[in-house]
Every structure is written in C-alpha cells, then in structure tokens.
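Mapping of the sequence shown onto the UniProt record's numbering: residues 1 to 247, in sequence order.
All residues carry an ideal CB built from backbone N, CA and C; glycine is no exception.
Some notes on the structure that comes next.
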Amino acid sequence: MSKEAERAYLANMGEGGRGHSLAKPYSDPQCGIELMAIGAIISLLPRPPARLLDLGCGGGWTSVFYARAGYEVVGQDIAPDMVDLAEENSRLHGVDHVARFICSDFESLTFQEEFDAAIFFDALHHAEDELSAIRSAYKALKPGGILITHEPGDGHSTNPHSLDVMERFGVTERDMPPRLIVQRGQEVGFRDYRVIPMPLVLHAIFYEPRDYPRRWLSKRRFRIVRRVLKMLFKPNMGEGAIVIMTK
Numbered sequence: 001m002s003k004e005a006e007r008a009y010l011a012n013m014g015e016g017g018r019g020h021s022l023a024k025p026y027s028d029p030q031c032g033i034e035l036m037a038i039g040a041i042i043s044l045l046p047r048p049p050a051r052l053l054d055l056g057c058g059g060g061w062t063s064v065f066y067a068r069a070g071y072e073v074v075g076q077d078i079a080p081d082m083v084d085l086a087e088e089n090s091r092l093h094g095v096d097h098v099a100r101f102i103c104s105d106f107e108s109l110t111f112q113e114e115f116d117a118a119i120f121f122d123a124l125h126h127a128e129d130e131l132s133a134i135r136s137a138y139k140a141l142k143p144g145g146i147l148i149t150h151e152p153g154d155g156h157s158t159n160p161h162s163l164d165v166m167e168r169f170g171v172t173e174r175d176m177p178p179r180l181i182v183q184r185g186q187e188v189g190f191r192d193y194r195v196i197p198m199p200l201v202l203h204a205i206f207y208e209p210r211d212y213p214r215r216w217l218s219k220r221r222f223r224i225v226r227r228v229l230k231m232l233f234k235p236n237m238g239e240g241a242i243v244i245m246t247k
C-alpha cells in the first residue's frame, strides 16, 4: 500500500465519491453513528475558543463540525484534492474564516506547540508509520494539550470491507488498537491516557431495533454489555475505542 494511493483516493472514487465526501456524514449509511461519534469527540475537547488540529481530515466534514462548535481549526490531509474539497466544504458552511486546511503528511508535520488539541478521527489507521504520526501530533500540541483518537481495533485490516478497499484503491488499512496507540504515545512523551468505548459499541447495546422487552437482552447484546462493562473497569486494549492522551 502506498501514500500515492492515498493521494489518488478521491480521484479514483470518481464524481460519486466526491459528492459522498462533500455530504458526509449525511451521505454515510452509518450517519447516526457518525454523528454520535463526532458528538463524543466534541464533548471531550477543551472548551472553545481552543485551537484544534484535525489530522487526516479528508473532505473536511469533521473540521466543519469543530468550527461550527466554536473552535479555530487547522485541517490536514495528504491529498491535494481532498484539501480543495475541505476548503469548499468550509465555505459552504460559512466557517472558512475559522477553518483552514493544509496539504501535508501527518507523519512529518512541522508544527511546534501550537494547538490545544489534536484529533485522529478514523485516520491514524491509514498511517504507514503510526509512531511518526503520533510524534508529529505530540510536537504540535501545547504543554497540557490533548490527543484524541477514534480508531478501529484488532481485525480491521482483515474485514471484508477493508480488504475490498485495499484491493480496489491500494490504500492502507491497518489495525489500530488502543494498546498500540498508548504504547506509541508513551514512547513520544504523552504522560497519561484514557480508553473509552466507541459510540458504535453503545449503539449496538441501546439503539438497535428490538422487540422490547422480551428480546432486549439477547445473547448478542449480553455479550456486548459485558464487553462494555469490562472496558469501563479494565479496558480491552484490542477493541476499537476512543483514546485520550495528555502532553
């Protein structure tokens, strides 16, 4: 898998892909879960006005949400056409005065102590070198700043969707479990961490359609409830999760 494939991803998806990226999260089949996830991230951020670095921002929908919530945002992506799309997205939503975008590789950023928070939202698992990416984020943060990641865990790289995307577009899809993120974070200097369940997991427990009350605690839901309770007291460091680390 190559960075050139990451740069060409939007072009290879065609016009339909461009429209999908511009309309996210509302164009996504999991729109409700995406909205839950971005709400969770915003609830973990320092209060606005704070300066945020949105890493691997793609078409910019996450950056737009942060900007509309009152933050000053710098969105970063490796693909020039994604950056153009993100700029268009910010203009469409009237936040181009507080959201700007740069084309660069998040494994080799040059920011030094400029941001109150940095976020990898479903982006770090596309890295070839996650240590360099997390080090870049660490350097970009002010002392006391936080890094938030929302990333898939063990098994992501081998699920059918990931295999299909890698085959069709040549992009990188990797497992990015909390244990790896925390390990790399500690290697670069982050001093503490929290691991909390993804909204996707909570959705499976509380929000999926059910025949209430007879089937509420099906075997599948029971397993998920048990998994979440274990995560609250002893996080599963292989499960996809939100990780928060402090500089």
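Going by DSSP in three states, residue i sits in which element: helix, strand or coil?
| i | result |
| --- | --- |
| T149 | strand |
| residue 248 | As shown, the chain starts at 1 and ends at 247. That puts residue 248 outside it, with no answer to give. |
| E4 | helix |
| R214 | Residue confidence is low: R214 scores 49 on pLDDT, short of 50, so the model does not pin down where it sits. No coordinate-derived value is stated. |
| G144 | strand |
| N89 | helix |
| D175 | coil |
| G19 | helix |
| N12 | helix |
| A156 | The displayed chain sequence assigns His, not Ala, to residue 156. Three-state DSSP puts H156 in a helix. |
| D84 | helix |
| M237 | coil |
| H97 | coil |
| Y207 | coil |
Can you tell me where the alpha helix (DSSP H) with residue i in it begins and where it stops?
| i | result |
| --- | --- |
| D122 | Where D122 is concerned, there is no enclosing alpha helix (DSSP H), given that its DSSP letter is neither H nor E. |
| G185 | 178-188 |
| I134 | 130-140 |
| F111 | No alpha helix (DSSP H) holds F111; DSSP gives it neither H nor E. |
| I64 | According to the sequence shown, residue 64 is Val rather than Ile. Segment 61-68, the alpha helix (DSSP H) holding V64. |
| M166 | 160-169 |
Could you tell me which of the options sits nearest to residue i, measuring between CA atoms?
| i | options | result |
| --- | --- | --- |
| R174 | L10, R184, T158 | T158 |
| G70 | M198, I33, G58, D96 | D96 |
| R191 | L147, S162, H156 | L147 |
| I78 | E107, A99, K142 | E107 |
| S136 | F121, E151, D154, E113 | E113 |
| G153 | P25, A241, F206 | A241 |
| A40 | G238, H203, P160, R7 | H203 |
| P199 | H150, M245, A23, K3 | H150 |
| D116 | G155, L52, R68 | L52 |
| V74 | N236, L35, N89, L55 | L55 |
| M176 | W61, A127, C57 | A127 |
| M245 | F120, F169, N89, H125 | F120 |
| Y207 | P25, R7, M36, R18 | M36 |
| L92 | E72, D81, W61 | W61 |
| G59 | A67, Y66, D81 | D81 |
| E187 | P160, Y138, G144, T172 | Y138 |
| G145 | C103, P46, V171 | P46 |
| S63 | G32, S43, V98, I33 | V98 |
| I42 | A67, Y26, H20 | A67 |
| S162 | V83, K142, D122, A140 | D122 |
In or out: residue i buried (at least 16 other Cβ within 10 Å) or exposed?
| i | result |
| --- | --- |
| P49 | exposed |
| L180 | buried |
| R110 | Going by the sequence as given, residue 110 is Thr instead of Arg. Exposed is the call here. |
| R214 | Bear in mind that the predicted position of R214 carries a pLDDT of just 49, short of 50, making it too unreliable to give a figure here. |
| A11 | exposed |
| Y212 | Summary for Y212: the model assigns pLDDT 49, below 50, so the residue's position carries little reliability; its value from the coordinates is reported in the next sentence. Result: exposed. |
| Q30 | exposed |
| D105 | buried |
| P197 | buried |
| E15 | exposed |
| G185 | buried |
| E130 | buried |
| E167 | exposed |
| H125 | buried |
| S2 | exposed |
For the beta strand (DSSP E) that residue i lies in, which residues bound it at each end?
| i | result |
| --- | --- |
| M245 | 241-246 |
| P197 | 192-197 |
For residue i, which residues does DSSP report across the bridge?
| i | result |
| --- | --- |
| residue 252 | Absent from the structure is residue 252, since the part of the chain shown begins at 1 and ends at 247. |
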